[in-house]
Amino acid sequence: MTAFAQTAVDEPALVASGAALARAAERGLVVYLQGGLGMGKTTFSRGFIQQLGHCGAVKSPTYTLVEPYELQAYQVFHFDLYRLVDPEELEFIGIRDYFGDFSVCLVEWPERGEGALPSADLVITIDRDEPGRRVGYDARSERGERVMARLRAQPDG
Numbered sequence: 002m003t004a005f006a007q008t009a010v011d012e013p014a015l016v017a018s019g020a021a022l023a024r025a026a027e028r029g030l031v032v033y034l035q036g037g038l039g040m041g042k043t044t045f046s047r048g049f050i051q052q053l054g055h056c057g058a059v060k061s062p063t064y065t066l067v068e069p070y071e072l073q074a075y076q077v078f079h080f081d082l083y084r085l086v087d088p089e090e091l092e093f094i095g096i097r098d099y100f101g102d103f104s105v106c107l108v109e110w111p112e113r114g115e116g117a118l119p120s121a122d123l124v125i126t127i128d129r130d131e132p133g134r135r136v137g138y139d140a141r142s143e144r145g146e147r148v149m150a151r152l153r154a155q156p157d158g
């Protein structure tokens, strides 16, 4: 599958990367966000969610596991599974109800929900790359390939 990377030298650039992905997104997209603590997964998500029209704060759903956003284009569900002890806990929140052709799901710490989550269409890895971050994109499905093609076709892609 297709992969590429870009450098985000500061927080505004990371927000812009998330916004660019939002412009390329489509319904049903499942995005896994990988990277260590403090790498900018929530910052990237903020750019994505605000690009789609959310005007308020975008906070990490570390304690609630999921934060829903009812937006004009589609519903976005932002997951943070960092504090998840057992993937089986996701069944208690009705995890399957969040994923479908009506939504876009952004999942931080997806490895903690392994076995309970659907496969990713796109895996985004954010790593330290002085002086900022390296944002890697890896398509894992046909939907992911379509999104990546639109992302790369953008003037800043």
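My numbering applies: residue 2 is where the sequence shown begins, and numbers increase by one.
Here a beta-carbon is modelled for each residue, glycine too, at the ideal position from N, C-alpha and C.
Bear in mind the structure is a predicted one, so any value in this text is a computation, not a measurement.
Give me, in chain order, the residues of the same chain whose beta-carbon lies closer than 6 Å to that of residue i; leave out the 5 immediate sequence neighbours on both sides.
i, result
"V77", "I50, Y70 and V105"
"R28", "Y75 and D102"
"Q185", "Examination of residue 185 is not possible in this model, given that the chain is present from 2 through 158 alone."
"A14", "none"
Who are the near neighbours of residue i in its chain, counting only those whose CB is closer than 7 Å to its CB and skipping five residues on each side?
i, result
"V124", "Y33, Q35, D139 and R141"
"R151", "A25"
"E90", "none"
One question on the structure: do residue i and residue j come within less than 8 Å of each other, judged by their Cβ atoms?
i, j, result
"G48", "V16", "yes"
"V108", "A6", "no"
"L95", "Q73", "The question names Leu, but residue 95 in the sequence shown is Gly. The answer is no: Cβ separation not under 8 Å."
"M40", "R153", "no"
"P132", "V10", "yes"
"I127", "K42", "yes"
Could you tell me the boundaries of the beta strand (DSSP E) in which residue i lies?
i, result
"V105", "S104 to E109"
"I127", "L123 to D130"
"R97", "Looking at the DSSP string, R97 is not in any beta strand (DSSP E), and its letter there is neither H nor E."
"Q51", "Element bounds for Q51: not the beta strand (DSSP E) but the alpha helix (DSSP H), K42 to Q52."
"R113", "Run containing R113: none; DSSP gives neither H nor E here."
"G39", "Run containing G39: none; DSSP gives neither H nor E here."
"Y138", "G133 to A140"
Can you give the beta carbon distance from residue i to residue j, rounded, assuming they're within the 8 Å contact cut?
i, j, result
"T63", "E12", "Their Cβ separation, rounded to whole angstroms, is 19 Å, which puts T63 and E12 out of contact at 8 Å."
"E92", "A117", "7 Å"
If distances are taken between C-alpha atoms only, which option among the options comes closest to residue i?
i, options, result
"E68", "Y99, E92 and P88", "Y99"
"G57", "G145, S46 and S18", "S46"
"S18", "E146, R144 and R134", "R134"
"P111", "F93, E131, E90 and F80", "F80"
"E115", "T126, R144, P132 and L85", "L85"
"S120", "T65, L66, R97 and I127", "R97"
"R113", "F93, Y83, T126 and I127", "Y83"
Looking only at its own chain, which residues have a Cβ that is under 8 Å from the Cβ of residue i, when we skip the five neighbours before and after it?
i, result
"V148", "L22, A25, A26, E27, L30, D122, L123 and A140"
"Q155", "A21, R24 and A25"
"A4", "G137, Y138, D139 and A140"
Ends of the alpha helix (DSSP H) at residue i?
i, result
"E92", "E90 to F93"
"E143", "E143 to A154"
"Q35", "No alpha helix (DSSP H) contains Q35, which is instead part of the beta strand (DSSP E) from V31 to Q35."
"P13", "E12 to A25"
Measuring only from the beta carbon, is residue i closer than 7 Å to any heavy atom that is part of the ligand GDP?
i, result
"V148", "With respect to the ligand GDP, the structure shown offers nothing to examine, as it has no ligands at all."
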